[in-house]
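Peer 1: Residue numbers (my numbering): -4 to 171.
This structure is in structure tokens; I'll ask about it shortly.
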Amino acid sequence: MPGNLAAKITIEVSERTFVTTKQTLMDGMAEGSGYFRAMFDLGNRLTQGDSDGTEQSAPEEPLYFDFDSKTFSHILDYLKTGVMPFLWTRERGFDYISYVKIERLADYLQIPGLRAWLKNNEFEEVVSRVRQSRVTSAGVMVYPSDGLTLEFVHEGKKLFMYERGLPLNKAYLLND
């Protein structure tokens, strides 16, 4: 496909600006968006050149979409990481309204795996799995203390603690 798929592109969604690549939007880490694949394919066909074979190139301008920016940020995070959104807090439980918004935008943007995960409420299984699981793998034990905290222990030393509801980059790395 013509064009540099790894080049940065700017997307304006309502009042927020996002920077990503065509590759991320089209293919993602787990799956891509059929909507963006079709849009970029059509754009490539329209700019491939005229009848004499010379390629025409227009400057890349920001793409604007009238989506809810918070909802789109969850979609883009999924495309970048392949990690399903997990919107749950101890105080409020699941954020069903946000899940519906994400599902509808995933449907519009043609991201079938994400849409199915949300439509089938598979996110509800995450909390029950955390509460019930105890996994041992290669000397590293992962266990929940109250269903909300995961602790990674190796040789009796706590290495890492992750509390649900925090972004992963806010998890605690414990050094003695």
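Just so it is clear, CB atoms sit at the ideal spot from N, CA and C, and this is done for glycine as well.
Between which two residues does the beta strand (DSSP E) carrying L20 extend?
Peer 2: Taking the sequence shown and counting its residues from 1, one reaches residue 20 at position 25. Note, L20: premise wrong, no beta strand (DSSP E); alpha helix (DSSP H) at 17 to 22.
Peer 1: Where does T12 land, buried or exposed, given buried means 16+ other C-beta within 10 angstroms?
Peer 2: Within the sequence shown, residue 12 is the residue found at index 17, counting from 1. Exposed is the call here.
Peer 1: Taking just the CA atoms, how far does R110 sit from A25?
Peer 2: Against the sequence shown, residue 25 aligns to sequence position 30. Against the sequence shown, residue 110 aligns to sequence position 115. The straight-line gap from Cα to Cα measures roughly 13 angstroms.
Peer 1: Can you name, in chain order, every residue of its own chain whose Cβ lies under 6 angstroms from the Cβ of Y73, other than the five neighbours on each side?
Peer 2: If you number the sequence shown from 1, residue 73 lands on position 78. Contacts found: L109.
Peer 1: Assign L37 to one of three DSSP states: helix, strand, or coil.
Peer 2: Working through the sequence shown from its first residue, we reach residue 37 at position 42. Note: L37 maps to helix in three-state DSSP.
Peer 1: Taking the C-alpha atoms as reference points, what is the distance between E7 and Y59?
Peer 2: Working through the sequence shown from its first residue, we reach residue 7 at position 12. Working through the sequence shown from its first residue, we reach residue 59 at position 64. The alpha-carbon atoms of E7 and Y59 are separated by roughly 5 angstroms.
Peer 1: Measure from the alpha carbon of V78 to the alpha carbon of each residue in K3, V121, T84, S9, then state which is nearest.
Peer 2: On the sequence shown, residue 78 is found 83 positions in, with the first residue counted as 1. When each option's Cα is compared against that of V78, the closest is V121.
Peer 1: Return the chain-ordered list of same chain residues with a C-beta closer than 6 angstroms to the C-beta of Q18, the five sequence neighbours on each side being excluded.
Peer 2: Locating residue 18 in the sequence shown gives position 23, counting from the first residue. Cβ neighbours of Q18 beyond the five flanking positions: L0, A1.
Peer 1: Please state whether DSSP places E55 in a helix, a strand or coil.
Peer 2: Your numbering for residue 55 matches position 60 in the sequence shown. Of the three classes helix, strand and coil, the one that applies to E55 here is coil, per DSSP.
Peer 1: Taking F62 and F118 to be in contact with their CB atoms under 8 angstroms, please state how far apart those CB atoms are, rounded to whole angstroms.
Peer 2: Taking the first residue of the sequence shown as position 1, residue 62 is located at position 67. Taking the first residue of the sequence shown as position 1, residue 118 is located at position 123. Not confirmed; about 21 angstroms, so no contact.
Peer 1: Buried or exposed: T84, going by 16 or more other Cβ atoms within 10 Å of its Cβ?
Peer 2: Position 89 of the sequence shown, counted from the start, is the residue given in the question as residue 84. Classification of T84: exposed, given that the 10 Å Cβ count is below 16.
Peer 1: Let's test the definition: count the other Cβ atoms within 10 Å of the Cβ of T66 and tell me whether it reaches 16, buried, or not, exposed.
Peer 2: Along the sequence shown, read from residue 1 onward, the residue named residue 66 stands at position 71. T66 is buried by the Cβ-count criterion.
Peer 1: Just reading off the alpha helix (DSSP H) that V95 is part of, what are its end residues?
Peer 2: As a working mapping, residue 95 is identified with position 100 in the sequence shown. Run containing V95: 91 to 103, per the alpha helix (DSSP H) assignment.
Peer 1: Using CA coordinates, which residue listed in E86, Y103, I92, Y94 is at the minimum distance from A33?
Peer 2: Taking the first residue of the sequence shown as 1, we reach residue 33 at position 38. Looking at the Cα atoms, Y103 is the closest of the given residues.
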